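S.K.:
Residue numbers (our numbering), protein chains in the order written: chain H, 77 to 606; chain Z, 9 to 141.
1. Between the segment 365-379 of chain H and chain Z, which residues of the former have a C-beta closer than 9 Å to a C-beta of the latter?
2. According to the Cβ coordinates, are residue 381 (chain H) and residue 225 (chain H) closer than 7 Å?
3. Sort H:573, H:200, H:506 and H:568 by Cα distance to residue 177 (chain H) and report the nearest one.
4. In whole angstroms, give me the CA-to-CA distance for residue 137 (chain Z) and residue 128 (chain H).
5. Apart from the five residues just before and just after residue 366 (chain H), which ones in its own chain have a Cβ nearer than 6 Å to its Cβ?
6. So if DSSP puts residue 42 (chain Z) in a beta bridge, which residue, or which two residues, is it bridged to?
7. What number of angstroms, rounded off, separates the C-alpha of residue 517 (chain H) from the C-alpha of residue 483 (chain H)?
8. Taking the continuous beta strand (DSSP E) assigned at residue 93 (chain Z), which residues delimit it?
9. Could you pull the start and end residues of the alpha helix (DSSP H) that residue 300 (chain H) belongs to?
10. Assuming residue 173 (chain H) and residue 340 (chain H) are in contact, meaning their beta carbons sit under 8 Å apart, how far apart are those beta carbons, in whole angstroms?
11. Helix, strand or coil for residue 98 (chain Z) per DSSP?
12. Hey, which unbroken runs of the alpha helix (DSSP H) at 4 residues or more fall wholly within the segment 98-127 of chain Z?
13. I want to know whether the segment 325-335 of chain H touches the segment 91-105 of chain H - three or more CB-CB distances under 8 Å.
14. Got a sec, what are the start and stop residues for the alpha helix (DSSP H) residue 345 (chain H) sits in?
15. Residue 421 (chain H) and residue 405 (chain H) - do their beta-carbons sit closer together than 7 Å?
16. Quick check on the DSSP output: the alpha helix (DSSP H) that includes residue 376 (chain H) runs from which residue to which?
17. Can you find a C-beta in chain H that's less than 7 Å from the C-beta of residue 73 (chain Z)?
18. With DSSP run on the structure shown, which of helix, strand or coil describes residue 142 (chain Z)?
19. Once the 5 residues before and after residue 91 (chain H) are set aside, which same chain residues still bring their CB inside 6 Å of it?
20. If you measure between the beta carbons of residue 605 (chain H) and residue 184 (chain H), is that distance less than 7 Å?
21. Mapping DSSP to helix, strand and coil, what is residue 272 (chain H)?
22. What do you get for residue 445 (chain H), buried or exposed, if any count of 16 or more other CB atoms within 10 angstroms of its CB means buried?
23. Would you call residue 269 (chain H) buried or exposed, if buried means 16 or more other Cβ atoms sit within 10 Å of its Cβ?
24. If you measure from the beta carbon of residue 162 (chain H) to each beta carbon in chain Z, is any gap under 7 Å?
25. Would you please verify whether the beta carbon of residue 203 (chain H) is less than 7 Å from any beta carbon of chain Z?
26. By Cβ distance below 6 Å, which residues in the same chain neighbour residue 496 (chain H) in space, the five residues on each side in sequence not counted?
27. When you compare the CB of residue 78 (chain H) with every CB in chain Z, is at least one pair closer than 7 Å?
28. Inspect the beta-carbon positions of residue 609 (chain H) and residue 257 (chain H) and report whether they are closer than 7 Å.
29. Quick one, which of H:230, H:338, H:402 and H:384 has its alpha-carbon nearest residue 299 (chain H)'s?
30. So if I threshold CB-CB distances at 9 Å, which residues from the segment 416-438 of chain H count as touching chain Z?
31. State the Cα-Cα distance for the pair residue 457 (chain H) and residue 449 (chain H), rounded to the nearest angstrom.
32. If you draw a straight line from the alpha carbon of residue 481 (chain H) to that of residue 474 (chain H), how long is it in whole angstroms?
33. Starting from residue 189 (chain H), find everything on chain C with Cβ-Cβ shorter than 7 Å and list it in chain order.
34. Rank H:265, H:189 and H:93 by C-alpha distance to the C-alpha of residue 106 (chain H) and give the top, closest one.
35. For residue 241 (chain H), report the span of its alpha helix (DSSP H) as first-last.
36. Any chance the segment 425-434 of chain H sits against the segment 243-262 of chain H, with 3 or more Cβ pairs inside 8 Å?
So this is what it looks like as structure tokens:
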């Protein structure tokens, strides 16, 4: 049973690579085929708004179910039990905010970026610049976590252990991703997400049905075996294994939960997906399809996580290369041999590829559309230049993500994903909600809330145990942490909402009443939406 | 949320100054473009808007309250969450799964509401604007 761990890698690296290359070849072919005419901004940023709600919903789930949530949550449940499950609940419940308040109104109001919505009735240049700043910071956090995850996966699945070898693999992954974005634009990237999400969902559902079947479709007996296979024993059925140690960790958990539930609807790459469908009705259907996909996915990860504890055993998982993250791959090996392991490995890899592609596209769109076209060229860029700038930005962002990924190798930066949610909930959510629902909200309020939320979040993160003063910190050997929580959400989100109010009351500027009327009417009715 | 414009705007009248039955007012300007101020102050729009706010805002508050209750229980009420109901099934597991259930239920309730109470009205309003009346 332990033979596959002896040489440090799981399964057959050659088979893993072969299946991965096969999936990549299929996606590259699809990207190439769908991208024959990809020259206008509407094509590049929003795939001509021609996807259906179902397609976009699957792609949304593809964007959202990153390698961190697949490998990370399954692993957390396998090793720590119930506390891992808490993550998945936050990730799922969060989708009600875009459903009830955001998705349809954003689709009706904007065209390409989050900046379109928040700058709609404000002074264009400062607000768009703020929106682009927030977008770039959030995307950077999210991306770094994905690329660092790629490094871990390489060690586990491809048996590449030298740092030079891992760096090479990350560079190759980055180059494929850049190809997706440059050649495929939003259309190609969306298809990559659809392919990947379908593969991922099919795989996890089949695995969980198989595991349940193995335990006679009794959740109770699966849990009983999971308890036996885990060094924590009965404790994995109860909350607290991860977050219950002290008052600080409990508060940290509440803070994280808040960031997850409020951050999802404000992630720039999620918001941008709503523009790939023709109207608000399809945007609503997108969220609904995505939510169904999440329900199936997170229920499956619960089974897979406890299944990994029952079948593989927590000790085995923790000592494998990749630690917790190896739970799902090891379980795949235990129940389906090298082939299933190779499939899971390849899907996890494709996941990183697809999520990073989505983030790169979002970042490049935000720079080209908000900063270049609207801030630098005052909304009147020369024809054709905007897409060129977007492609160039994608190239730069892609290059930076490769460098960032290589620098992050061996660092514990997986927690950065949760921080991306906190930044989104602080810098973006108050502004989006105030813009849509509070007529008096003005430019000063927008800038206070966006820059205030962003700054508070970043400062708290830098002085938190994520950066220094804990065994898992990014910077080791020095301790300058002043803020006890790893996730700043519980402080930064309420403050950012408050700053929006203070800025609005202090600001002398009035939002343009005609634009305010238009925003209100358009956001609800979709009249004049494009 | 009565706003200034709804007080200062002239009462809804037709081209001859006589009140239009049902309070209808032209929703497009002289060039036939949508007159957003007029649409905004129209009864139809105000009704749709009010209906949406009264439905989605309480529902959002409700689900956030229910989610945060669960989070606080998971963080601070370990004894309660660890109570075994049958076999290895705990209160915590069932409450967690119930979050899945309520998410789906809220989603379906909203879909039904939007399809029945909002979509047809929005459609009718849009048709009025497009017809230029």
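Think of the CB as a built atom: it goes at the ideal place given N, C-alpha and C, for glycine as much as any other residue.
Computed from a predicted structure; not experimentally measured.
M.R.: Result, derived from the coordinates:
1. 367, 368, 370, 371, 374, 375 and 378
2. no
3. H:506
4. Distance between the alpha carbons of residue 137 (chain Z) and residue 128 (chain H): 26 Å.
5. Closer than 6 Å at Cβ, skipping near neighbours: 133, 136 and 137.
6. Partner(s): Z:36.
7. 41 Å
8. 92-94
9. 295-305
10. 7 Å
11. strand
12. 99-121
13. No, the segment 325-335 of chain H does not touch the segment 91-105 of chain H.
14. Taken as a continuous stretch (DSSP letters only), the alpha helix (DSSP H) holding residue 345 (chain H) covers 344-349.
15. yes
16. If you look at residue 376 (chain H), you'll find it in the alpha helix (DSSP H) that goes 356-387.
17. The beta-carbon of residue 73 (chain Z) is placed no less than 7 Å from the nearest beta-carbon of chain H.
18. Only positions 9 to 141 of chain Z appear in this structure, which leaves residue 142 (chain Z) out of reach.
19. 414 and 418
20. yes
21. helix
22. buried
23. buried
24. Answer yes: the Cβ-Cβ gap between residue 162 (chain H) and chain Z drops below 7 Å somewhere.
25. no
26. 214, 217 and 218
27. Residue confidence is low: residue 78 (chain H) scores 38 on pLDDT, short of 50, so the model does not pin down where it sits. Its coordinate-derived value is still stated next. No, its Cβ sits nowhere closer than 7 Å to a Cβ of chain Z.
28. Chain H is shown from 77 up to 606; residue 609 (chain H) falls before or after that span and cannot be answered.
29. Out of H:230, H:338, H:402 and H:384, H:384 has the C-alpha closest to the C-alpha of residue 299 (chain H).
30. Cβ contacts with chain Z: none found.
31. Near 5 Å, if we compare the C-alpha coordinates of residue 449 (chain H) and residue 457 (chain H).
32. 10 Å
33. The structure shown contains no chain C; its protein chains are H and Z.
34. Ranking the options by Cα distance to residue 106 (chain H), first place goes to H:265.
35. 239-255
36. yes
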